[in-house]
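Asks: Let me begin by handing over the structure; questions about it come next.
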Amino acid sequence: MVKRQMPFFKKWAPEWLVKIILFSMTLPGIIIFFLPLTNINAAAGYYGGEPADIQFSVALFYAGYVGFYSLERRFFSFLAAKEYFLLFTTLQIVACLTCYFTREIYVLFPVRFIQGMLFAGNVNLSLTLIFTRLNSERGREISFSVFFGILICALPFNNLITADLIDSYNFNIVYKTAIFSYLPGLIFLTMAMTNYRPNVRFHLYKLDWQSFAVFSAILVLVGYIAIFGQEYYWLEDHRILGSVIGIIVLAVISIFRQNSIKRSYIDLRVFRYRNFKVGLLILFVMYICRFASGITNSFFATELHLDPFYISYINIFNLSGLVFGVIIACCMVLQKRNIRYIWGPGFLMLLLFHVLMYYSFDVQADEFNYYIPLFLQGLGVGLIMVPTIIFIISSVPASIGPSAAATALAIRYFGFCASIALINFFELFEKSRHYNAFQDHLSAVDPSVKDFLHKQTAKLMSKGMLEDHAVKASNKLLVGRMNAQGHVRFAMDYYEMMVWLLAGTLLLIILFPYLNRTALYLKSRRLSPA
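The UniProt record's numbering numbers the first residue of the sequence shown as 1 and each following residue consecutively.
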């Protein structure tokens, strides 16, 4: 079959180069997506905020991406591809420039939301242009795998390429790097693209900006509650209580509006399909388990005292697992394998990762013990991600496929927020619970405590410290050991919960009888990514 050459690009531009450039133009956006999480303490110090503020800046980027996704298609229909690309890329460069120059956290917040909106436009344009140049289902599924492979590799890849950069310069140097990363592709595509329009020009006078505003407000409030809820003691604080009430009111308004208007922002008919809801559940669970790896990185930094640069090298094993997982999943999708044979091994890998880590957490450990678990975690996520999104989109008619993709994107955001909320809750609640438990069982007359204090005091005095100071320092060391044990126990408790969640998910996959009735394929050539 001869591939149809779409007139988006001039004849002199080789198709293989165009595809590479289009994919490369999504890389700077993907890098700045999770950029603040690469070194959360450095980011918090630079902007004068707390780690929770930095997490919220990532949630705002995500919320802008999710909220603008459905509205973005109207802009793509209104503008020619070249105009659209130049406008959104230029605005993204301006947004990065603003992040580079500002040090105010409250200036960063709205800019991060706008960056998420612009990221939606940039990604959807690139993927749409690639999809229209692919006549075969095989090519579309490979393109999906490549894009999502890049997306799920963002965190370990960011850690690898920015650890030394952030350590050597101020945190904002990465935004400057992103600006220069956009320029080569921007120059090439400006020269290579034509003013071709794939559709009839639809004017923007009936933009459903009301649905966008309501939906985005819900997403931002969900992120705010998930990140700051435990810190403010949940509903005891009027800000969290007001946010919950706001979400309920806005959700009722949004559902009523979607059922009332002729062209809904997200078609709620997608929820009539059983496999669609099962796919959303699988994706939600996977996202909760995926971000549990952040506890492992925190353990490396706080208990094993590894610097960010060394942690980034350890995470190469996780990155390798992600790449292998995506490649294997892509091959299995192309072979039309049963979805159970993809989900089963994927969740089994995640289960093994959490079990191995549960028994590997300790205040003293050899980092070599964590290479295989990190690889298994990446392998599991890589196996699950792409087939699940294709399964979700394939579960509904092609006419409402974009609504299914938008819903899958929203579920990924909710999974991200739920993961942060669970980790924050367990970290603050479980650490204090274990610390109090240690205090109840340790006393000054305890033989092990007396032996520890005596040895530490003698050791410090041998280094030249006065006796009174050595005694005080020994007590501080004891408290530090208790805090370390509390952190380890919190990590073990959280991973134990993840083990039970994954075991239940595997049981659902084995017993659910309808998973064989959906064929994994992408029906639409103009379907945007979730």
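Glycine is no exception: its CB is placed at the ideal position from the N, C-alpha and C atoms.
Model, not experiment: these values are computed from the prediction.
(1) So what does DSSP say about residue 544, is it helix, strand or coil?
(2) By Cβ distance below 7 Å, which residues in the same chain neighbour Phe426 in space, the five residues on each side in sequence not counted?
(3) State buried or exposed for Ile248, treating a residue as buried only when at least 16 other CB atoms are found within 10 Å of its CB.
(4) When you compare each of Asn259, Gly185, Ala226 and Tyr84 to Ala418 by their alpha carbons, which one comes out closest?
(5) Quick one: residues in its chain with C-beta nearer than 6 Å to the C-beta of Leu460, no 5 flanking neighbours on either side, listed in chain order?
(6) Identify whether Met25 lies in helix, strand or coil by the three-state DSSP scheme.
(7) Could you give the first and the last residue of the continuous alpha helix (DSSP H) run that contains Trp234?
(8) Between Leu17 and Met193, what straight-line distance do the alpha-carbon atoms span, to the nearest angstrom?
(9) Tell me the rounded alpha-carbon separation between Asn122 and Leu304.
(10) Please report how far the alpha carbon of Pro529 lies from the alpha carbon of Ala484, in whole angstroms.
(11) Have a look at Ala251 and Phe228 and give me their C-alpha separation to the nearest angstrom.
(12) Hey, how far is the Cα of residue 554 from the Cα of Asn318?
(13) State the DSSP-derived secondary structure class of Met465, mapped to helix, strand or coil.
(14) Taking its Cβ as the centre, do 16 or more other Cβ atoms sit within 10 Å of Asp53, making it buried, or is it exposed?
(15) Assuming Ser216 and Ala63 form a contact by the criterion Cβ under 8 Å, report the distance between their Cβ atoms to the nearest whole angstrom.
(16) Among the candidates Met332, Pro397, Ile372 and Phe284, whose CA atom is the shortest distance from the CA of Gly415?
(17) Can you say whether Arg290 is buried or exposed, counting buried as having 16 or more other CB atoms within 10 angstroms of its CB?
(18) Applying the 10 Å Cβ sphere with the 16-neighbour rule, what's the burial state of Asp167?
(19) Leaving out five residues on either side along the sequence, give the residues of the same chain with a beta carbon under 6 Å from the beta carbon of Ser524.
(20) Return yes when the Cβ of Ile384 is within less than 8 Å of the Cβ of Met497, no when it is not.
(21) Taking the straight line between their C-alpha atoms, what separation do you get for Val114 and Leu87?
Replies: Reading off the structure:
(1) The question about residue 544 has no answer, for the chain in this structure spans 1 to 530.
(2) Phe490, Asp493 and Tyr494
(3) exposed
(4) Looking at the Cα atoms, Ala226 is the closest of the given residues.
(5) Once the five neighbours on either side are set aside, the close Cβ partners of Leu460 are Ala470 and Ala473.
(6) helix
(7) Run containing Trp234: none; DSSP gives neither H nor E here.
(8) 13 Å
(9) 40 Å
(10) Confidence is the limiting factor: at Pro529 the pLDDT is only 42, short of 50, which leaves the residue's position unreliable and the question unanswerable from this model.
(11) 21 Å
(12) There is simply no residue 554 to check, as the chain begins at 1 and stops at 530 in what is shown.
(13) coil
(14) That one is buried.
(15) Under the criterion of beta carbons closer than 8 Å, Ser216 and Ala63 qualify as touching, at roughly 6 Å.
(16) Phe284
(17) Looking at its Cβ environment, which holds 16 or more other Cβ atoms inside 10 Å, Arg290 is buried.
(18) exposed
(19) Note that Ser524 scores a pLDDT of 47, beneath 50, so its modelled location is shaky; the value from the coordinates is reported in the next line. Here the set comprises Ala398 and Gly401.
(20) At least 8 Å separates the beta-carbon of Met497 from that of Ile384.
(21) In the sequence as displayed, the identity of residue 114 is Ile instead of Val. Computed Cα separation, rounded: 14 Å.
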